[in-house]
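Contents: one structure, followed by commentary.
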Amino acid sequence: MSNVIQLLPDHVANQIAAGEVVQRPASVIKELLENSIDAKASRIQVVIKDAGKSLIQVIDDGVGMNLTDARMSFERHATSKIKIADDLFSLKTKGFRGEALASIAAIAHVELKTRTENDEVGTCLKVEGSQVVSQDACVTPKGTGISVKNLFYNIPARRNFLKSDNVESRHIIDEFQRVALAHPDISFSLIHNGNELFQLPTTNFRQRITNILGGKTNEKLVPVEEDTEIVKISGFVGKPEFAKKSRGEQFFFVNNRFIKSPYLNHAVVASFEGLLKDKSYPSYFLYLEVDPKSIDINIHPTKTEIKFDDEHALYAILKSSIKHSLGQFNVAPMLDFERDSELDTPYEYKNKEADVPQVEVDRNFNPFQSENNYKAQYAGGGNYQKEKPAEWESLYSGLQSESEPEVDLKQIEFESEEVTGNLFGAKEEQAEKSTFQVQKKYIVSTLKSGILVIDQHRAHTRVLYEELLKNITVSSAVSQQLLFPLRLQFNRHEVEMLKEIKDSLEQTGFIFSEIKQDEVEITGIPTLISESEVEILLEQLVADFEKDVPDNGFSQTDLLAKSLAKSMAVRSGTLLNSAEQQHIVNRLFACKEPGLNPFNKTVFTTLSVDELDKKFA
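In our numbering, the protein residues as written are 21 to 637.
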C-alpha cells in the first residue's frame, strides 16, 4: 500500500496560513502597522488605493533591515520577536509568530524597500506568490517601506468574496484607528485614493481620541484612573447622555494591544447601571496594563482575544473604578459620608468675630397719623365688630325696571344643544366602532368571517417603508422648514457615512445646509417626524448602516428606507384613537405586500368564526 500522508509544499502551506492571517485588506494594514511599531518607528504613513485591492503601502522610519534580514523576513516562522518558548509568556511586542509577511507574500505582489541607519544603501526585494523575483540595492531613507499590490491575485475565490470599496475602506479605517489610539506617541497618516483621511501628530491619549473622533469629543470624556497590584487602568469613558445606539466607540487596550472582551464589556455596562437609556451603549477608551505573564495572547490568529489569569478580580476593579470616576466628576450620584471641604469656613474669616447687623428704624413713624377720623372712631374704646358681608342676592337688587314686565323664563324656548340628526349617517358610527386597541399593541378589526388582529408597529413600519421607497426613487417628499437650524455632532466615520446617503436622505425630506468634519447642520426635516426625534433617528440610521453596510445603490436605498421606517413607526405601547387605528388599517391594505413588514415578520393574523367556535366547544 502506497503512502497517503505527504508534506505540503511551502507555497501551499503559506496560502493556508494566509487564510487565517489575511482575511481582507484591513488584515494586511494591521499586520504591517504592528511590524512598524515593533521596529520602533516614530512616524508611519499608510497609502491605499481602491480600498486596498490595488495597493497597500506602509512606510515607517524604524530601525530597518539589512540584506539577510530582508530575505529571512519572508520565510515562515522567521521572527526577531522571540527566541525560546518562555518568551511567549513575557511578550512586549505586537508580533511573535513570524507568519504575517510570509502569508501576505503568498497571495500578493510585494515590494520591500528597507535600510538600516549604518548602511549606505538599502535593499529592494520583490516577491510574487512566495517566489523572490528580484533583489537589488537601492537608495531609500532609513526605515522600511512595504507595498502590497493585487491582493488575492492567485486566489480568485477569495478576491470575489471581498465587499465593495466602501465596505473594505471602513474596515481599514477601523484597524487604523485601533492602532493609532493605542500609540499616541507615534505620528500616523492615512491617504486613500490621493485624499488625506487622517493626519495624526504625536500627542497624548486624550488629544489622540479627539483628533480621530472629532473636536467635540473632548467634552464628552470622563477620565478613569486606578492603580492596583493586578492591573493599572487609565483612559476615558463617555458621559451617559452621549451614549450611542451602536457599539462603535468601544475600545479596550491591554498592554497597548487592542482586544475584544465581552466579559470586560459587561463590567463597563454594569457600572453605568441606571444611567443609560434603553438600547444605548456607552463609549469607552480604556488602557489596561497587566503583567505579561498573567495573560495568554496566543489563542487566536488575529490576536484580538486574550486569556487572563484572574478575570473576576479584573471585572470587579474595572467596574468599581468606572463607578468611582462617574461619581467623582458629578456624572452619577454617589453617597459620600466624608466632610466636604467646600463647606469649610474660608481662612480669612476663620478667627474673625461675627458683627452684629446694624438696622436703622424711624421710631416716630405712625401709619394712622394722616387719618382724621381715627380717634373719633376708635378712641371711645367701644367694641369694634367687622360688618357682615351682604348676601350675593343683594348685588342684583334694583336691576329690574318697574316699567319692564317681568319675564317668565319657563315660557322661553331655547335651541337644544343636543344634535338629534346624524350628519354622517349610521355608516360613520359603525366605522368608529369597527376597530379597537388591545394592550396598546394590537389593533383588532372585524371581518365577515371573523376578526383581524394587526401588530400596530409592524403595520406602520410597512406603510412608511413603501412610502419612503416611493419618495427616494420616484418623487421627493415634502419637507418642513425649521425656524432655527439643528446642529448635530457625529464623529468623522459617521459623517462620511451620512455624506454617502445624503442625496437619498434629502429625497425623504431632510435638508442639509452644511456638513463639517464632526458636525451636521439641518434646516429641514420630513413632515412625519418631530424635531426632537431627528438626532435619535439619524443615530439609529448610522448604527444600522454600520451593522449592514450595503454593496450597491439599490441595497443602500432599501436599507435606508427600512431603517427610517423602523425608527419613525408608532411604537408598541402607544395609545391610538379610533381615527388613527382606522388610518393604519386602511393604509396597510393599500400596500403592495401588507402581510409582511420590511424585515419579513408577520403583520396581521385572522381568526375565523369556526376557530372561535372551537375555542368554546
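Virtual Cβ for every residue (Gly too), placed ideally from N, Cα, C.
Does the segment 550 to 558 touch the segment 459 to 474, meaning 3 or more C-beta pairs lie closer than 8 Å?
no
Rounded to the nearest angstrom, what separates S74 and A125 at their Cα positions?
15 Å
What does DSSP give as the partner residue(s) for R507 in the beta ladder?
E541
Any idea if G165 is buried or exposed, counting beta-carbon neighbours within 10 angstroms, 16 or more meaning buried?
buried
Same chain only: Cβ atoms within 6 Å of A479, ignoring 5 sequence neighbours per side
I604, L608, V623
Who are G163's beta bridge partners in DSSP?
R135
Burial state of I25 (16 or more Cβ within 10 Å)
Exposed, because fewer than 16 other Cβ atoms sit within 10 Å of the Cβ of I25.
Secondary structure of N491, DSSP reduced to three states
helix
Helix, strand or coil at G445 [DSSP, three-state]:
For G445, the predicted structure reports a pLDDT of 46, less than 50, and the residue's modelled location is therefore unreliable. The matter cannot be settled from this model.
Skipping 5 residues on each side, what residues in its chain have a beta carbon closer than 8 Å to that of L595?
Contacts found: Q457, K460.
Give the range of the alpha helix (DSSP H) segment to which P243 is assigned.
First-last for P243: 241 to 247, but that is the beta strand (DSSP E), not the alpha helix (DSSP H).
Looking at the secondary structure, which residues open and close the beta strand (DSSP E) in which S281 lies?
Element bounds for S281: n/a, residue is neither H nor E.
Counted within 10 angstroms of its Cβ, other Cβ atoms place H513 as buried (16 or more) or exposed
Flag for H513 reads buried.
Whole-angstrom distance between E95 and A287, CA atom to CA atom:
Whole-angstrom Cα-Cα distance: 42 Å.
Nearest to E516 by CA position, among I535, L508, T528, is which residue?
I535
Could you check the C-alpha separation between F636 and S628 for me, to the nearest Å?
Inter-residue distance for F636 and S628 is about 13 Å (C-alpha atoms, whole angstroms).
Let's see if you can read the secondary structure: which residues bound the beta strand (DSSP E) around H212?
207 to 212
If you draw a straight line from the alpha carbon of V41 to that of R179, how long is it in whole angstroms?
15 Å
Whose C-beta lies closer than 6 Å to the C-beta of E148 among residues of the same chain, with five residues either side of it excluded?
Only H129 meet the Cβ criterion.
What do you get for T626, buried or exposed, if any count of 16 or more other CB atoms within 10 angstroms of its CB means buried?
Looking at its Cβ environment, which holds fewer than 16 other Cβ atoms inside 10 Å, T626 is exposed.
V515, DSSP secondary structure in three states
helix
What's the C-alpha gap between Y314 and I250?
Contrary to the premise, residue 314 reads as Ser rather than Tyr in this sequence. Each residue's alpha carbon lies about 9 Å from the other.
Does the beta-carbon of G401 have 16 or more other beta-carbons within 10 angstroms, so that it is buried, or is it exposed?
With a pLDDT of only 48 at G401, under the threshold of 50, the placement of this residue in the model should not be trusted; the figure read from the coordinates follows. Result: exposed.
I265: buried (16+ other C-beta within 10 angstroms of its C-beta) or exposed?
Going by the sequence as given, residue 265 is Lys instead of Ile. So K265 counts as buried.
Within 9 Å of any Cβ in chain D, is that where the Cβ of S154 sits?
Reference to chain D is not applicable here, since this structure consists of a single protein chain.
Considering only the beta carbon of each residue, do I49 and E195 sit closer than 9 Å?
yes
Taking all protein chains shown into account, do 16 or more other C-beta atoms lie within 10 angstroms of the C-beta of P204, making it buried, or fewer, making it exposed?
By the neighbour-count rule (16 or more Cβ atoms within 10 Å), P204 is buried.
For a quick check, are the C-beta atoms of P243 and L296 less than 9 Å apart?
No, the pair does not count as a contact, with Cβ atoms beyond the cut-off.
Can the beta-carbon of Y307 be found closer than 9 Å to that of G258?
no
Use the C-beta contact count for G529: other C-beta atoms within 10 angstroms, 16 or more gives buried, fewer gives exposed.
buried
V473 versus R226: straight-line alpha-carbon distance, rounded
54 Å
Extract the residue ranges of the beta strand (DSSP E) inside the segment 37 to 89, only unbroken runs of 3 or more that lie entirely within it.
The segment 37 to 89 contains, as complete beta strand (DSSP E) runs of 3+ residues, the segments 63 to 69, 75 to 80 (chain order).
So the beta strand (DSSP E) Q378 belongs to, where does it begin and stop?
It is not in any beta strand (DSSP E) - Q378 carries neither H nor E in the DSSP assignment.
Look at the alpha carbon of K299 and the alpha carbon of E553, and state the distance between them as a whole number of angstroms.
16 Å
In whole angstroms, what separates the C-alpha of E188 from that of I317?
26 Å
Which of helix, strand or coil does DSSP assign to E309?
strand
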